[in-house]
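Asks:
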Amino acid sequence: MKLVMDRVVADRGGGAWSLAAHGVFTEGIHLITGDIGSGKTTLALVLAGLVPPASGSLERTGITSSMLSFQFPEYHVTGLTVRDECESWGMDPAQVLAATRLEGKDDLSPLRLSRGELKRLHLACLLGQAYDLLVLDEPFSSLDCREKERVCRNLSGRARGITIIFTHEQQIFPRVDYLWEIHEGRLAYRGPVPGALPFWQHAPEIIRMLLAAGKAPQNISPDDLVEAACRT
Amino acid sequence: MQDVRLRTGVAVLLSVAAFISLAGAAAAVVWCLVFARTVSLRRHARLFLSLGILVGFFATVLQVSGGDGVSYFIRMMVIVLIGVWVYSEQKKGEFLRLGVWMLGGKTGFDLGLVADMGMQAMDLLIADFEKIRLAGRLKRQPLNAKRLVPAGVVLVSNAFHRADETAELLAVRGYRDGGSLCPVFIRARTDIVASLLACLVVIFAIFPVSEFFILYR
Numbered sequence: 009m010k011l012v013m014d015r016v017v018a019d020r021g022g023g024a025w026s027l028a029a030h031g032v033f034t035e036g037i038h039l040i041t042g043d044i045g046s047g048k049t050t051l052a053l054v055l056a057g058l059v060p061p062a063s064g065s066l067e068r069t070g071i072t073s074s075m076l077s078f079q080f081p082e083y084h085v086t087g088l089t090v091r092d093e094c095e096s097w098g099m100d101p102a103q104v105l106a107a108t109r110l111e112g113k114d115d116l117s118p119l120r121l122s123r124g125e126l127k128r129l130h131l132a133c134l135l136g137q138a139y140d141l142l143v144l145d146e147p148f149s150s151l152d153c154r155e156k157e158r159v160c161r162n163l164s165g166r167a168r169g170i171t172i173i174f175t176h177e178q179q180i181f182p183r184v185d186y187l188w189e190i191h192e193g194r195l196a197y198r199g200p201v202p203g204a205l206p207f208w209q210h211a212p213e214i215i216r217m218l219l220a221a222g223k224a225p226q227n228i229s230p231d232d233l234v235e236a237a238c239r240t
Numbered sequence: 034m035q036d037v038r039l040r041t042g043v044a045v046l047l048s049v050a051a052f053i054s055l056a057g058a059a060a061a062v063v064w065c066l067v068f069a070r071t072v073s074l075r076r077h078a079r080l081f082l083s084l085g086i087l088v089g090f091f092a093t094v095l096q097v098s099g100g101d102g103v104s105y106f107i108r109m110m111v112i113v114l115i116g117v118w119v120y121s122e123q124k125k126g127e128f129l130r131l132g133v134w135m136l137g138g139k140t141g142f143d144l145g146l147v148a149d150m151g152m153q154a155m156d157l158l159i160a161d162f163e164k165i166r167l168a169g170r171l172k173r174q175p176l177n178a179k180r181l182v183p184a185g186v187v188l189v190s191n192a193f194h195r196a197d198e199t200a201e202l203l204a205v206r207g208y209r210d211g212g213s214l215c216p217v218f219i220r221a222r223t224d225i226v227a228s229l230l231a232c233l234v235v236i237f238a239i240f241p242v243s244e245f246f247i248l249y250r
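Here the protein sequences come in this chain order: B and P. Mapping to the working numbering: the first sequence position 217 is 225, numbers consecutive. Mapping to the working numbering: the second sequence position 194 is 227, numbers consecutive.
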């Protein structure tokens, strides 16, 4: 299973801005970091096959199902109640509501939930599916630290498929397999983790400090960082 | 057409001409073909099509109830075409400059600001709608009547949220009413010619050609 970007150029129309991407996404968890406005959402739309690239091509091998999660969860709402919304994803409402601590809100409109609650609900429904290609645009926005950690644990446990996470998050990450970053209008592949960490320009301060102290973490999840920090 | 004052005036004239008669609508289309070739109907196809369906519905009702629905449909679609042209030519801040030029730094500034914010809201609404449509496609749930309710709620609540945030921002920055602005307008050579010809389109719509050509009678 792989997704090949062959000299892909993504733009927002008008030709004033563009992003070049070339490389291969194989099975595993890929983290793509970049500043706000660097083109993460545009590239996410292209990778999910929702927007054609301005030039170049995408080749999907062995990918039969794909999903993109938008930063704002309200775009995904199709149900009139929270229960409907869970069912629209093919999920058991009781199970999802218990996992997201939203019990008793079954009959509320999903749009009456706070954005944080809705994001929790959306991600719980989404991560309950087994997509071959899952593209997540800023999955940690609107979540508090506890929820970010819970989502990261779920993401780290994804056993199969290609998972691509676009984020500018600087604190809490899942365990990832490959690092990429958007830099100066180009998507750059930094390599597999942990080997890629010294080349990661958007690395959070804590990772820089650990690397400088000679305590390279095995991965970038909170547990890995704690293990590296406590290593003697 | 670069000068927003002339563009707005021309849009009003052409719309009036198209509304008055079929001849006026035809003349307005000719005007558009000559001076508004930059408007890409393909780019705004969805907007044009959805408005076409709406107009078509009312035209059908009119036709069925004994009126001239076909004429109504043609004339209204020409007005929609003119609207799409104005929308596609619009640049940020133009309505604010136009408002101040027309009505001064108090009422004009406020009206211009509201109009510019409305245009911005329109862009964001279209972007929101596109994302809702794509998200539905991913869930294999087309935008049918059942989905229109949550989609509409998202669009309206997002618009209210943004309006609320903008109002708070303006208040925090000390805005009460009015403001100072020295409007500057850029005019292309063809703007004046196009405007004069738009006046001719209105005359053509009001007075039948036979009024001018006595031999035709």
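Backbone N, C-alpha and C define an ideal beta-carbon position, used for all residues, glycine too.
Among B:V85, B:R120, B:L163, B:L110, which residue has its Cα nearest to the Cα of B:G136?
Replies: It is B:L163 whose Cα lies nearest to the Cα of B:G136.
Asks: Pop quiz: P:V43 and P:A231 are said to be a contact at Cβ under 8 Å. What is the actual Cβ separation, rounded to whole angstroms?
Replies: Going by Cβ atoms, the distance from P:V43 to P:A231 rounds to 4 Å, so yes, they are a contact pair.
Asks: Run through DSSP, which three-state label would P:H77 get?
Replies: Correct three-state label for P:H77: coil.
Asks: Please report the straight-line C-alpha distance between P:V103 and P:V88, rounded to a whole angstrom.
Replies: So the alpha carbons of these two residues sit roughly 11 Å apart.
Asks: Quick check on P:G103: does DSSP put it in helix, strand or coil?
Replies: As written in the sequence, residue 103 of chain P is Val, which differs from the Gly given in the question. Here P:V103 sits in helix by DSSP.
Asks: Would you give the residue range spanned by the alpha helix (DSSP H) that B:S73 belongs to?
Replies: Run containing B:S73: none; DSSP gives neither H nor E here.
Asks: If you measure beta-carbon to beta-carbon, which residues of the segment 73 to 85 of chain B are closer than 7 Å to chain P?
Replies: For the segment 73 to 85 of chain B, which is checked against every Cβ of chain P, the residues closer than 7 Å are M75, L76, F78, E82, Y83, H84, V85.
Asks: With a threshold of 7 Å on Cβ separation, who are the neighbours of B:T41 within its own chain once the five nearest residues in sequence on each side are excluded?
Replies: The answer, listed in chain order, is T175, H176, E189, H210.
Asks: Let me see if you follow: with CB-CB separation under 8 Å, is B:G203 close to chain P or not?
Replies: No, B:G203 does not count as interfacial toward chain P.
Asks: On the DSSP bridge assignment, give the partners of B:S63 in chain order.
Replies: Note: B:S63 sits in a beta bridge opposite B:V17.
Asks: What separation, rounded to the nearest whole angstrom, lies between the Cα atoms of B:R166 and B:A220?
Replies: Distance between the alpha carbons of B:R166 and B:A220 is about 31 Å.
Asks: Quick check on the DSSP output: what are the complete alpha helix (DSSP H) runs of length 4 or more inside the segment 195 to 228 of chain B, in order along the chain?
Replies: Runs of the alpha helix (DSSP H) inside the segment 195 to 228 of chain B: 213 to 220.
Asks: At a cut of 8 Å, does the segment 59 to 74 of chain B reach the segment 188 to 208 of chain B through at least three beta carbon pairs?
Replies: No: fewer than three Cβ pairs fall under 8 Å.
Asks: For a quick check, are the C-beta atoms of P:G141 and P:V133 less than 8 Å apart?
Replies: A contact, by the Cβ cut-off of 8 Å.
Asks: Go ahead and pull the three-state DSSP assignment for B:T171.
Replies: Of the three classes helix, strand and coil, the one that applies to B:T171 here is strand, per DSSP.
Asks: Given 8 Å as the limit, is there contact between the segment 100 to 116 of chain B and the segment 145 to 152 of chain B, that is, 3 or more CB pairs closer than that?
Replies: Segments in contact, no.
Asks: Determine which residues share a DSSP beta bridge with B:V143 and list them.
Replies: Partner(s): B:L76, B:I172.
Asks: Can you list, in chain order, the stretches of the beta strand (DSSP E) that have 3 or more residues and sit fully within the segment 84 to 148 of chain B?
Replies: Entirely contained in the segment 84 to 148 of chain B, the beta strand (DSSP E) runs reaching 3 residues are, in chain order, 141 to 145.
Asks: Cβ of P:L188 within 8 Å of Cβ of P:L229?
Replies: No. Outside cutoff.
Asks: Contact criterion: CB-CB distance below 8 Å. Does P:Q153 meet it with respect to chain B?
Replies: Not one chain B Cβ lies under 8 Å of P:Q153.
Asks: To the nearest whole angstrom, what separates the beta carbons of B:M13 and B:G31, a pair I think is in contact under 8 Å?
Replies: So it is a contact: roughly 6 Å between Cβ atoms.
Asks: Quick one: residues in its chain with C-beta nearer than 6 Å to the C-beta of B:I37, no 5 flanking neighbours on either side, listed in chain order?
Replies: Counting only Cβ-Cβ distances below 6 Å, and skipping sequence neighbours, we find T171, V184, D185.
Asks: Tell me which residues of the segment 113 to 137 of chain P have at least one Cβ-Cβ distance to chain B shorter than 7 Å, keeping chain order.
Replies: Within the segment 113 to 137 of chain P, no residue qualifies.
Asks: Under a three-way DSSP split, which group does B:A28 fall into?
Replies: The answer is strand: DSSP assigns B:A28 an E or B state.
Asks: Give the range of the alpha helix (DSSP H) segment to which P:L39 is assigned.
Replies: Its alpha helix (DSSP H) spans residues 37 to 53.
Asks: Please name the residue, chosen from P:A58, P:Q35, P:D36, that lies closest to P:L46 on a Cα-to-Cα basis.
Replies: Cα-wise, what sits closest to P:L46 is P:A58.
Asks: When you compare the segment 174 to 183 of chain P with the segment 208 to 224 of chain P, are there three or more beta-carbon pairs, one atom per stretch, that lie closer than 8 Å?
Replies: No contact exists between the segment 174 to 183 of chain P and the segment 208 to 224 of chain P.
Asks: Please report the Cβ distance between B:L131 and B:P118, rounded to the nearest whole angstrom; I am assuming they are in contact, meaning their Cβ atoms lie under 8 Å.
Replies: B:L131 to B:P118, Cβ: 13 Å. No contact.
Asks: Following the continuous alpha helix (DSSP H) through P:L233, name the residue where it begins and the one where it ends.
Replies: Unbroken alpha helix (DSSP H) run through P:L233: 222 to 239.
Asks: What is the DSSP secondary structure of B:V184, reduced to helix, strand or coil?
Replies: Correct three-state label for B:V184: coil.
Asks: Between the alpha carbons of P:F218 and P:R40, how many angstroms are there, rounded?
Replies: Their Cα atoms are separated by approximately 12 Å.
Asks: Closest by CA to P:M34, which one among P:R166, P:E122, P:L82?
Replies: Out of P:R166, P:E122, P:L82, P:E122 has the C-alpha closest to the C-alpha of P:M34.
Asks: Under 9 Å between beta-carbons, which chain P residues line up against B:L163? List them in chain order, please.
Replies: Within chain P, no residue comes near B:L163; the closest Cβ sits about 19 Å away, beyond 9 Å.
Asks: Which term fits B:A29, buried or exposed, when burial requires 16 or more other beta carbons within 10 angstroms of its beta carbon?
Replies: Buried, because 16 or more other Cβ atoms sit within 10 Å of the Cβ of B:A29.
Asks: So with CB distances below 8 Å, who are the chain B contacts of P:A192?
Replies: Residues of chain B passing the Cβ test: none, with the nearest at roughly 12 Å.
Asks: The beta strand (DSSP E) with B:L39 in it runs from where to where?
Replies: Segment 36 to 41, the beta strand (DSSP E) holding B:L39.
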